[in-house]
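Numbering (our numbering), first residue to last: 456 to 920.
Encoded as C-alpha cells, the structure appears first; notes follow it.
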Ligand code: 4AD
Ligand code: MG
C-alpha cells in the first residue's frame, strides 16, 4: 500500500478506510489488552497514534517496537476515542524496518541538553525540537526565494572557491591540492603556488558580494544564497565557520531604498514563518522560548529605528554618564561591541535598529564614502537577542574613490581587476546587503545557540558528522 505522510493522515477525512504510515516510534505504552504507538515521520511535529489490539498482535511481535525503531503500519484510519487527536489508526499489519536497542538508543529520555544533543547531531533531527527547527529552516529558505522571485530578482550563483578576500578581513580557509609537507618556496620564503591546482592561492569565499555586484551591473537585481566560510576563531553562540548567507545586490538604489529593502525582506520572512510554521512555532514557544511568537509578531508590526552611528555613540555615552557600565569603550570611531548593540536595541529603543553611516575605518573598503569624508553608507540591521543580523551598504561606484581606499588599505588588487572594471565600464549607483541565514534562524526559532539551527555545525575544533 502507498504510504501517506503523517501530516496528511492527521488531516484526512477518509475515516474507516485503509491507510499506511511509516516512521519512527516515539513511544509505546498500554495495558494487557491494547498498546498505543506514537509514530512520527518528520512531516509534522505531531505524532499519529497507532492502536494495537493485543488479541491480534501478541506482545512478542510488538517487542521490537521500541522508542527509535522504524516501522511501517497499515490499518484503518478511525476517529480517535482519546483526546488530543482527531484520528488514529487501528493496526492490521506491522512491518519492522529497523530496531533500536533500548539499552543503546541515545534518544530514550526527554529533556536531553542541547550540548549533549550536539554530540549526537546524526540523531538529533529525530527530536521534536530539532525536527521543528529544520522544518522552519526549510521554510525560511523557501520564503527567501519566494520574496526575491516575486520582486523581480534573479538568483545568481557566485563561486565558493575564490582568489579574492571580499571583506578584506583575512579570515579565509585556503584551498589547495599541494602536498603540505613539501611546499615549494621562493627565495623570500613565500609559497610558490604556480604548480597548485589553480596556479594561484585560492580560498573558500567569505562573501559572494563582489561577484554579486557584477551580476547586478548586468541583470539589475540579483541575490545569492549559499554557503560562506570564515576562519574566525570566535567561539560564540552567534558565529559559525560555515554558514549560509543571502546577499541581494541592486542597481540604481540609494541608502533609503536599501534600508526599506532590508526591513521589508526580514518582515516578509518572519511573517512567512508565522503563517506557515504554526505547529512548530507553537512547540518552540511552549518548550524553548515562551516569548517567541509574541516577539515575532512585534517585529512584523514595528517600524525599525534608523539610527546614524554618531547618534548611537551619543546615546551610549549618555548611558555611561548615567551610570551604565560597559565592558568595552564606545568612543566615536570604535567598532560597537555586542553589549552596545544590545543596549541600543533591547534597552534604549526596544525594537530593531538599522544603524547607518559608520566611521570608514571600521568598515570594508567597498562602502560608499559620505561627503564628510569620514563616514560610509553602511546600513547594518541590529536585532534583539541577536545583535547584527544584516550587514549592508551602498557601494562606492566612483573608480577614483574606490582606488584611493584600496591603496590606502594596501589591499592586493592584482586579482581584482575585474571588480574595478565595473567602475570603469558603465558604473552605476548600487547597494546590497548580506543576511546571515543562521542569525535569522536564531531569531525565528528562539534557539539560543547558532550551532542548534544548522544540521551539522562547523566551529573551531569541531567538524564531526
Ligand atoms: O557583515 P558581513 O561580514 O557582511 C558581508 O559579508 C557583506 N559582504 C554582505 C553584503 O553586503 N553583501 O556579514 C553579513 C552577515 C552578518 O550580518 C551576519 O548576519 C552574518 O553575515 N555572519 C555570520 N553568521 C554566522 N557566523 C559567522 N561567522 C558570520 N559572519 C557574518
Ligand atoms: Mg558586518
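Cβ atoms here follow ideal geometry from the backbone N, Cα and C, with glycine treated the same way.
For clarity, every value in this text was computed on a predicted model and none was experimentally measured.
Considering only C-alpha positions, which residue in the set the options is nearest to residue i?
i           : options            : result
residue 655 : 681, 616, 669      : 616
residue 764 : 702, 510, 787      : 787
residue 809 : 713, 867, 904      : 713
residue 638 : 819, 646, 874      : 646
residue 814 : 798, 800, 835, 731 : 835
residue 830 : 789, 598, 801, 870 : 789
residue 842 : 640, 693, 529      : 693
residue 459 : 663, 584, 499      : 499
residue 666 : 903, 914, 877, 462 : 877
residue 466 : 628, 811, 501      : 501
residue 547 : 527, 781, 784, 920 : 527
residue 519 : 796, 540, 475, 556 : 556
residue 477 : 529, 521, 484      : 529
residue 592 : 901, 461, 864      : 901
residue 463 : 513, 532, 884, 624 : 532
residue 762 : 755, 800, 726      : 800
residue 916 : 827, 859, 797, 687 : 687
residue 898 : 819, 739, 875, 554 : 739
Just the C-alpha distance for residue i and residue j, rounded to the nearest angstrom, thanks.
i           : j           : result
residue 503 : residue 838 : 38 angstroms
residue 511 : residue 549 : 11 angstroms
residue 552 : residue 562 : 18 angstroms
residue 695 : residue 895 : 13 angstroms
residue 611 : residue 472 : 48 angstroms
residue 710 : residue 598 : 24 angstroms
residue 523 : residue 570 : 20 angstroms
residue 414 : residue 862 : Residue 414 cannot be examined here, being either before or after the span of the chain that is shown, 456 to 920.
residue 715 : residue 903 : 28 angstroms
residue 474 : residue 539 : 20 angstroms
residue 719 : residue 759 : 10 angstroms
residue 803 : residue 744 : 23 angstroms
residue 487 : residue 509 : 7 angstroms
residue 794 : residue 782 : 8 angstroms
residue 515 : residue 457 : 27 angstroms
residue 827 : residue 588 : 45 angstroms
residue 586 : residue 910 : 10 angstroms
residue 785 : residue 559 : 53 angstroms
residue 672 : residue 684 : 25 angstroms
residue 833 : residue 726 : 26 angstroms
Tell me whether residue i is buried or exposed, calling it buried when 16 or more other Cβ atoms sit within 10 Å of its Cβ.
i           : result
residue 807 : buried
residue 771 : buried
residue 912 : buried
residue 650 : exposed
residue 691 : exposed
residue 879 : exposed
residue 689 : exposed
residue 489 : exposed
residue 636 : exposed
residue 658 : buried
residue 750 : buried
residue 855 : exposed
residue 584 : buried
residue 641 : exposed
residue 717 : buried
residue 613 : buried
residue 735 : buried
residue 627 : buried
residue 812 : buried
residue 777 : exposed
residue 907 : buried
residue 775 : exposed
residue 918 : exposed
residue 848 : buried
residue 816 : exposed
residue 495 : buried
residue 741 : exposed
residue 769 : exposed
Roughly how far, in whole angstroms, is the beta-carbon of residue i from the beta-carbon of residue j, given that I think they are within contact range, below 8 angstroms?
i           : j           : result
residue 595 : residue 469 : Their Cβ separation, rounded to whole angstroms, is 32 angstroms, which puts residue 595 and residue 469 out of contact at 8 angstroms.
residue 871 : residue 619 : 5 angstroms
residue 572 : residue 579 : 4 angstroms
residue 892 : residue 677 : The Cβ separation is near 17 angstroms, so there is no contact.
residue 704 : residue 887 : 4 angstroms
residue 623 : residue 850 : Not confirmed; about 14 angstroms, so no contact.
residue 577 : residue 920 : 6 angstroms
Closer than 6 angstroms to a non-hydrogen atom of the ligand ATP - does that hold for the CB of residue i?
i           : result
residue 695 : No copy of the ligand ATP appears in this structure; the ligands present are the ligand 4AD and the ligand MG.
Q | Within the region 849 to 887, ranges of the beta strand (DSSP E) (whole runs, at least 3 residues) | A | none
**Q.** 3 or more residues per run - each beta strand (DSSP E) lying fully within the region 627 to 697
**A.** List check, beta strand (DSSP E) in window: 657 to 659, 676 to 684.
(Q) Give the list of continuous beta strand (DSSP E) stretches no shorter than 3 residues that lie fully inside the region 545 to 574. (A) none
Q: Enumerate, from N- to C-terminal direction, the unbroken beta strand (DSSP E) stretches of 3 or more residues contained entirely within the region 796 to 839.
A: 808 to 814, 830 to 838
Q. Hey, which unbroken runs of the beta strand (DSSP E) at 3 residues or more fall wholly within the region 702 to 766?
A. 760 to 763
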